[in-house]
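Numbering-wise, the sequence shown is residues 38 to 125 according to this note's numbering. Glycine included, every Cβ here is placed at the ideal spot set by N, Cα and C. All values derive from a computational prediction rather than experimental measurement. Okay, structure first, notes after.
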Amino acid sequence: MLPVDKMEDLNKAMLSAAFDGDLASVEQLVSRGADINYADAWGNFAMFTAAWEGNIKALDLFYRLGAKLSFEDANLLCNAAYNGKAAL
């Protein structure tokens with residue numbers, strides 16, 4: 038298992054790639070141990086960013102990688118609709 042600081046680096050890099058829509062990097066980082074359900078200090082997580090942007094390919098990939106569809110404080114459909122992406 039990776040040291041905590043290295044795991045945190047992987048998780049942050051994965052979330053950054055998710056924000057950028059860099060799906061190949063997200064997939065690679067998850068294969069190296071990044072947590073697809075990682076949330077930053079503000080509660081942002083990969084599925085949230087994909088829903089917010091209306092990125093169907095990202096939603097599909099993150100779901101296949103095991104991402105949660107809902108968190109205690111966030112619902113993907115609400116986030117998508119709030120940002121004008123209700124068609125998801």
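Assignment of A50 by DSSP, reduced to helix, strand and coil, places it in the helix class. When secondary structure is reduced to three states using DSSP, A76 falls in the strand class.
Its chain contains M51, I73, L102 as the residues whose beta carbon lies nearer than 7 Å to that of V67, once the 5 sequence neighbours on both sides are disregarded; these appear in chain order. The alpha-carbon of E64 is positioned some 22 Å away from that of A78. When the five nearest sequence neighbours on each side are left out, the beta carbons in the same chain lying within less than 7 Å of the beta carbon of N48 are those of A71, D72, Y75, in order along the chain. Under a 10 Å Cβ-count criterion, L98 is classified as buried, with 16 or more other Cβ atoms of the shown protein chains found around its own Cβ. Judged by beta-carbon spacing, A61 lies beyond the 8 Å limit of A83, meaning their Cβ atoms are not closer than that value. Taking 8 Å as the cut-off, the beta carbon of A55 is found closer than this to the beta carbon of A95.
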